[in-house]
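Here the structure is laid out as structure tokens; the discussion comes afterwards.
Protein chains: 2
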Amino acid sequence: MSRISLGLDVGGTNMKAALLSPAGRLLGRAHWPTPGLGGLEGEILDELVDRIQDILTRHGVAAPKLAGLGLACAGLVDFKAGLISDSPNLRAWEGIELRRRLSSRLRCPVLLENDVNALAYGEWRLGAGRGTRHMLCLALGTGVGGGLILDGSLYRGYRGLGAELGHVTIDRTGRRCACGNRGCLEAYAGARQLSLAAGRALARGRRGHGALRRYLAGRAPTPARLSQAARAGNALARELLADLGRALGVAIASYVNIFAPERVILAGGVSRAGHFILDPARAEARSRLMNPAVQVLDLRLRALGDDGAALGAALLARERRP
Amino acid sequence: MSRISLGLDVGGTNMKAALLSPAGRLLGRAHWPTPGLGGLEGEILDELVDRIQDILTRHGVAAPKLAGLGLACAGLVDFKAGLISDSPNLRAWEGIELRRRLSSRLRCPVLLENDVNALAYGEWRLGAGRGTRHMLCLALGTGVGGGLILDGSLYRGYRGLGAELGHVTIDRTGRRCACGNRGCLEAYAGARQLSLAAGRALARGRRGHGALRRYLAGRAPTPARLSQAARAGNALARELLADLGRALGVAIASYVNIFAPERVILAGGVSRAGHFILDPARAEARSRLMNPAVQVLDLRLRALGDDGAALGAALLARERRP
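Read top to bottom, the protein sequences are chains A and B.
Mind the numbering: the first sequence is residues 1 to 322 in my numbering, read in order.
Mind the numbering: the second sequence is residues 1001 to 1322 in my numbering, read in order.
Encoded structure:
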């Protein structure tokens, strides 16, 4: 039997696929718009099966020969039941028994996992976390997600609700967070918050706003553009990314005190800003550690680019039987 | 072979012992001043062995028949090497190969563990945490310690440095903590900080200070006296304990988002204040949870009184072979 497995990273807009060899090599990838705009269960499943068959056919693999199909999904995943129980970005998918129905259609083992858990697992096994037993991963996307590898396995918490690392309070009287709390890490370190902070800095005329305004030339201050501006030498863009990095550093010091991880991985789109966030995060965390002489602070960027979650899902699907 | 085991809870001033039956019943207890004032390795070991022999003889158990001897020690314990590597309160004990030397003197298996880890384990197996797979324990002593039971086992982190739950930042620009950081939970929720906060409230004439001053009648505002004053109806004492509870609640909401534990246990001397801290902690945490309809917030007081760490050490010693 082939040990090839397939991972899908299902987001609210796009879906990415990664085909994984038995040795852990990326054999192929694809991406499509996420099915489900119609919102009908049958259509979602049909379209999903078609896409999967496409990529398998292209690589000469028959679905029943797959060692596993893993779906990494944004939102709250019921790992045991094999369905999405709550996802603002995948409302039409909620409650569909994806594991059961896909495995009967494709005749291969299917596994569902939260996307950031899958990402953490992928980076741990094939990417920036290799060789560790205790590792945590922060996914800096629109919001801030988290994944935990503890004592050599993926940690889910009771009913899979754990690892919401973006929702630790770093400032109890601070900014309102989308989750309803005040002062969460996410309120300082997500892409949405970065753009908002840039907008405020421009509106208030923060030092360097003229140069950044000229750089943007009317375009919105997205994380990608702020990173480009920072690389081009723009001081305000650098300062905004450093603010984000420092907020990360506060939380990372707490995580190191809590978990004593061997490594912390930064992933997600915002992590493309690289050392503009990594350096201030490291400095801030170091200044806050209990015992920096003994504690490990090994903070790195992701190694698998945008394929981490799909690869992690492919790995989990061939390794785990829920 | 007898499955009786013995646990010692070694603090900077006192040492407590608990003798545990095979069925998990407390057969006997004892407490003494902690050996080591002389600071000589031989003296510490001799005195320790004498004390252990005393309690064993009293209960008719020969040391070589013990299923295990567990030492729960304040500070950083090298679990694998079986010694204390760093402990401000047990300086004279640091570096002594306690596991090796005690097991050769007493001819029974010996295990060393951090005291709050042992406490968490004791409460998990015999106390307020029974029946859970994911549980965390906060020990409100002079400082704030933490212990984690994750996926049904004690979590230590890399080199045993983890679970410092008192050192999560809840207010990044807040109070200085003894650890060097700013705004740690411990800076708001330890016994030392509670007494300092009470002193400040009295000095600044915070509302109700006259009544509290009369209640204290010149005695220091220790946590025990503040709890008594609260029970006697003193409004300022209640408010000070509620402040502490609210700080705990901020951190507990973060822990629930991070770990999704089934239960959170409050232990340590300060937890004697009971509902005066429990109620405000619960209300604060609930107001901050991501999804209180789904998340579990089961916050309880310890069930083993002051014996938790000794009992946990006794259990670990008979169950684990490092």
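In this text, a Cβ means the ideal position worked out from N, Cα and C, and glycines have one as well.
- Residues of the segment 254-267 of chain A with a Cβ closer than 7 Å to any Cβ of chain B, in chain order: SER254, ASN257, ILE258, PHE259, ALA260, PRO261, GLU262.
- For LEU1301 (chain B), the CB contacts under 8 Å within the same chain, skipping 5 residues up- and downstream, are ALA1128, ILE1265, LEU1266, ALA1267, SER1271, GLY1274, LEU1278 in chain order.
- The beta carbon of GLY152 (chain A) sits no closer than 8 Å to any beta carbon of chain B.
- Taking each of A:ALA67, A:GLY11, A:HIS209, A:LEU20 in turn and checking the Cα distance to PRO33 (chain A), the smallest one comes out for A:GLY11.
- In the structure shown, the three-state DSSP call for ILE252 (chain A) is helix.
- Inter-residue distance for VAL294 (chain A) and TYR1188 (chain B) is about 25 Å (C-alpha atoms, whole angstroms).
- Near chain B, meaning a CB-to-CB distance below 8 Å, no residue of the segment 213-230 of chain A qualifies.
- Residues of the same chain with a CB within less than 8 Å of the CB of THR1142 (chain B), apart from the 5 flanking positions on each side, are GLY1190, ALA1191, ARG1192 in chain order.
- Bounds of the beta strand (DSSP E) holding SER5 (chain A) are 5-10.
- Going by beta carbons, ALA67 (chain A) and ASP9 (chain A) fall outside the 8 Å limit.
- Here ASP46 (chain A) carries a helix assignment [DSSP, helix/strand/coil].
- Close partners of VAL1168 (chain B) in chain A (Cβ separation under 8 Å): VAL168, SER254, ASN257, ILE258.
- Annotation: the continuous beta strand (DSSP E) that includes TRP1032 (chain B) extends over 1026-1033.
- With respect to ALA313 (chain A), ALA118 (chain A) sits close: the two C-beta atoms are nearer than 8 Å.
- Within a 10 Å sphere around the beta-carbon of GLY131 (chain A) sit fewer than 16 other beta-carbons, which makes this residue exposed.
- Looking from the CA of ASP115 (chain A), the closest CA among A:CYS177, A:ALA17, A:GLY245, A:SER104 belongs to A:ALA17.
- For GLU164 (chain A), no beta strand (DSSP E) encloses it, and the DSSP letter there is neither H nor E.
- Collapsing the DSSP output to three states places ALA1203 (chain B) in a helix.
- One alpha carbon belongs to LEU83 (chain A), the other to PHE1259 (chain B), and they sit about 21 Å apart.
- DSSP assignment within the segment 91-168 of chain A yields the following whole beta strand (DSSP E) runs of 3 residues or more, N-terminal first: 110-114, 135-140, 144-150.
- Here LEU1248 (chain B) is not near TYR1121 (chain B), since their CB atoms are 8 Å or more apart.
- Not a single CB atom of chain B sits nearer than 8 Å to the CB of HIS275 (chain A).
- Beta-bridge analysis with DSSP links CYS184 (chain A) to A:THR169.
- Here ARG282 (chain A) carries a helix assignment [DSSP, helix/strand/coil].
- Listed along the chain, the chain B residues whose CB falls inside 7 Å of the CB of GLU164 (chain A) are ASN1257, ILE1258, MET1290.
- Neighbours of VAL296 (chain A) across chain B, judged by C-beta separation under 9 Å: TYR1158, ARG1159, LEU1161.
- For HIS59 (chain A), the closest Cβ of chain B is not nearer than 8 Å.
- Among the CB atoms of chain A, one or more fall inside 8 Å of the CB of VAL1250 (chain B).
- Under the 8 Å criterion on CB atoms, ASP171 (chain A) is classed as interfacial with respect to chain B.
- Note that the segment 1164-1173 of chain B touches the segment 1134-1151 of chain B; at least 3 beta-carbon pairs, one per stretch, sit closer than 8 Å.
- Separation of ARG175 (chain A) and ARG1318 (chain B) (C-alpha to C-alpha, rounded to the nearest whole angstrom) is 49 Å.
- Comparing alpha-carbon positions, the option among A:ILE96, A:LEU90, A:ALA139 lying closest to GLY308 (chain A) turns out to be A:ALA139.
- Contact with chain B is found for ASN181 (chain A), since one of that chain's Cβ atoms lies less than 8 Å from the residue's Cβ.
- Secondary-structure assignment with DSSP links ALA1017 (chain B) through a beta bridge to B:LEU1008, B:ALA1030.
- Distance from the CA atom of ALA217 (chain A) to the CA atom of ARG133 (chain A), rounded to whole angstroms, is 47 Å.
- Less than 8 Å divides the Cβ of GLU1262 (chain B) from the Cβ of TYR158 (chain A).
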